[in-house]
Amino acid sequence: MQKLHDPSLVPNHNLRHLIEQWRQMGHHFHPEYSTTIDPLLYLKRNLESPHSTLQDKLQTLEKIRVLMDETPSKTPFLLQIGFLPLLSQLLFGKLDPQFSGKYADFEEKLLSCILKLIPFGEFQCLNMLKEESKLESFLVLFENGSGMMKQNLCRLVGAISSSPETRELCAMIGRNHRFLQGIDHLIQQNFETSEAGIEAISALCCLESNRESLVREGLINGLITYILNTETKERSSAGTAMTTLEQLVGSERSGKEALIKDPRGVKAVVKMVFRVSDHGGSESALNSLIMVCYESLEAREKAIGAGVLTQLLLLLQSQCSCRIKSKARTLLKLLRSKWDEEQ
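The opening residue of the sequence shown carries number 6 in my numbering; numbering runs sequentially from there.
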């Protein structure tokens with residue numbers, strides 16, 4: 006099938022669009038296509054129309070949510086007709102300064118639908134957040150939104166960090182003072198929102214250039230607080246927090262200094278060496294202690310004072326992997342050799 010090179014042959018823009026769409030589908034086109042796409046186009050027009058009330062748009066978003074949950078096979082059609090850019094524009098394009106109840110509900114539903122669509126690979130439209138006004142909208146939502154809004158924006162940051170298409174945007178967010186201060190505050194709050202915050206920080210660490218900003222903005226202290234606050238919780242993101250802490254300590258000298266300087270820092274890492282509910286953090290804890298104890302007498306003294314020797318012996322008697330046991334022995338030898346040198 007040949008492409009229409011002369012648009013004048015088809016006077017109606019919508020008709021031209023449909024013919025081009027049909028041409029691109031080729032042999033995939035089937036008679037049921039229009040019966041599937043027409044109701045979706047109707048929903049899209051409801052969201053686009055300036056004449057639709059807020060209540061109409063809320064109902065439309067609920068229909069879209071139900072559709073994606075109950076008929077996931079129709080999700081690609083939503084992407085095909087441009088739902089993701091539309092929803093993103095509605096969310097970040099213009100904010101209601103009053104944050105009224107219904108409008109806040111509308112924003113939460115928009116973000117929920119965006120998060121359901123993103124896994125299908127349409128990341129490019131999120132680069133609209135590189136525009137100053139839209140990034141400002143993102144920050145205002147993060148600072149003033151509900152707990153659910155904050156959690157979902159953290160998940161959005163995770164999605165942004167996962168795609169090469171949004172790498173530049175990830176770097177912008179990773180050095181934004183307001184966002185990093187907000188996320189630091191978030192991970193020290195209630196358990197549910199802090200979990201999402203930890204995942205967002207971990208995602209931002211995928212870019213090495215972000216790590217310096219995270220250290221500078223005090224995120225090491227926030228991670229330490231989170232690890233200590235979740236000590237008695239069986240299910241938490243303490244392992245992720247510890248892995249992120251290891252990345253910050255390993256990539257920045259200022260990260261090592263921040264860990265040692267925090268009165269609770271080395272103690273928090275020692276507690277992660279042998280944590281029955283979360284063996285996942287043991288290796289990162291060992292790596293972090295090896296790095297700081299090799300260079301710092303103060304770190305070694307703090308580690309021994311926090312009971313690292315007992316933790317290492319417990320770890321060596323546990324069912325952990327041979328690799329982790331090998332690192333535990335390395336730390337023991339390091340502490341002993343440094344002790345001998347200092348005598």
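Glycine residues also receive a C-beta, built at the ideal position from the N, C-alpha and C atoms.
From a predicted model like this one, the values you see are computed outputs, not experimental measurements.
Run the proximity test for residue i: is its beta-carbon closer than 7 Å to any non-hydrogen atom belonging to the ligand ZN?
i: Ser93; result: Within the structure as shown, the ligand ZN is missing, as the structure has no ligands at all.
What first and last residue would you give for the alpha helix (DSSP H) that runs through residue i?
i: Lys139; result: Glu137 to Asn149
i: Asp74; result: Leu59 to Glu75
i: Ser298; result: It should be noted that the sequence gives Cys, not Ser, for residue 298. Start and end: Ser287 to Glu300.
i: Leu259; result: With the sequence shown as reference, residue 259 is identified as Ser, and Leu is not the correct amino acid for it. Unbroken alpha helix (DSSP H) run through Ser259: Arg258 to Lys266.
i: Pro169; result: Taken as a continuous stretch (DSSP letters only), Pro169 belongs to no alpha helix (DSSP H), as it is neither H nor E.
i: Pro90; result: Phe88 to Phe97
i: Phe82; result: Thr80 to Gln85
i: His56; result: Note, His56: premise wrong, no alpha helix (DSSP H); not H, not E.
i: Lys432; result: Since the displayed the chain opens at 6 and closes at 348, residue 432 lies outside it and no answer follows.
i: Glu127; result: Segment: none, Glu127 is in no alpha helix (DSSP H) and carries neither H nor E.
i: Leu320; result: Val313 to Leu321
i: Ser242; result: No alpha helix (DSSP H) contains Ser242, which DSSP labels as neither H nor E.
i: Ile225; result: Leu224 to Asn234
Apart from the five residues on each side of it in sequence, which residues of its chain come closer than 7 Å, Cβ to Cβ, to residue i?
i: Thr230; result: Gln193
i: Ser117; result: Arg70 and Asn157
i: Leu59; result: Lys107, Tyr108 and Phe111
i: Leu321; result: Lys330 and Ala333
i: Leu48; result: Thr65, Lys68 and Ile69
i: Leu319; result: Phe279
Beta-carbon within less than 8 Å of residue i's beta-carbon, same chain only, minus the 5 sequence neighbours each way: which residues are those?
i: Ile295; result: Lys332, Thr335, Leu336 and Leu339
i: Pro81; result: Phe125
i: Leu120; result: Asn157, Arg160, Leu161 and Ala164
i: Gly255; result: Asn292, Ser293 and Met296
i: Leu209; result: Val162, Ser166, Cys175, Ile178, Gly179, Asn215 and Leu219
i: Ser142; result: Leu96, Phe97, Gly98, Lys99 and Leu100
Find the nearest neighbour of residue i within the set the options, judged by alpha-carbon distance.
i: Ala109; options: Thr245, Leu72, Lys62 and His182; result: Lys62
i: Cys325; options: Thr65, Val313, Gly286 and Leu253; result: Gly286
i: Arg375; options: Leu92, Leu318, Ala304 and Ser242; result: Missing from the structure shown is residue 375; the chain here goes from 6 to 348 and no further.
i: Gly150; options: Ala246, Leu96, Glu262 and Thr249; result: Leu96
i: Ala253; options: Asn234, Gly227, Arg328 and Thr41; result: Position check: residue 253 holds Leu in this sequence, whereas Ala was assumed. When only C-alpha atoms are compared, the closest one is Gly227.
i: Thr40; options: Cys159, Lys79, Gln60 and Glu75; result: Lys79
i: Phe279; options: Ser293, Val297 and Ser323; result: Ser323
i: Val274; options: Ala263, Leu291 and Ser259; result: Leu291
i: Leu52; options: Phe88, Met177 and Leu209; result: Phe88
i: Leu83; options: Gly98, Asp43, Gln94 and Lys99; result: Asp43
i: Glu148; options: Gln94, Leu191 and Lys135; result: Leu191
What number of angstroms, rounded off, separates the C-alpha of residue i from the C-alpha of residue j?
i: His32; j: Gln85; result: Only weak support is given to the placement of His32: the predicted model assigns it a pLDDT of 43, under 50, and the question is left unresolved by the model.
i: Pro90; j: Cys130; result: 6 Å
i: Glu303; j: Ile265; result: 8 Å
i: Ala164; j: Ser199; result: 17 Å
i: Leu115; j: Lys139; result: 15 Å
i: Met133; j: Gly187; result: 21 Å
i: Arg341; j: Thr249; result: 28 Å
i: Thr65; j: Met73; result: 13 Å
i: Asp189; j: Ile232; result: 13 Å
i: Thr245; j: Ile203; result: 7 Å
i: Leu224; j: Thr315; result: 28 Å
i: Asn181; j: Leu317; result: 39 Å
i: Ser301; j: Leu212; result: 27 Å
i: Ser54; j: Leu146; result: 23 Å
i: Asn215; j: Glu251; result: 14 Å
i: Val313; j: Tyr299; result: 15 Å
i: Cys327; j: Glu173; result: 39 Å
i: His56; j: Glu75; result: 29 Å
i: Asp184; j: Lys155; result: Looking at the sequence itself, residue 184 is Phe, so the reference to Asp does not match. Roughly 11 Å separates the two Cα atoms.
i: Gly152; j: Ser242; result: 18 Å
i: Ser259; j: Leu45; result: 52 Å
i: Leu122; j: Pro77; result: 10 Å
i: Gly98; j: Glu197; result: 28 Å
Excluding the 5 residues preceding and the 5 following residue i in the sequence, name in chain order all residues of the same chain whose CB lies nearer than 6 Å to its CB.
i: Phe128; result: Ser168, Glu170 and Thr171
i: Ile329; result: Ser287 and Glu288
i: Met247; result: Met277, Gly286, Ser289 and Ala290
i: Cys175; result: Ile165, Ser166 and Leu212
Exercise. Quick check: the segment 209-220 against the segment 229-239, are there 3 or more CB pairs under 8 Å?
Worked result: No contact exists between the segment 209-220 and the segment 229-239.
Exercise. Counting pairs of beta carbons, one from the segment 297-312 and one from the segment 265-281, are three or more of them closer than 8 Å?
Worked result: The segment 297-312 vs the segment 265-281: in contact.
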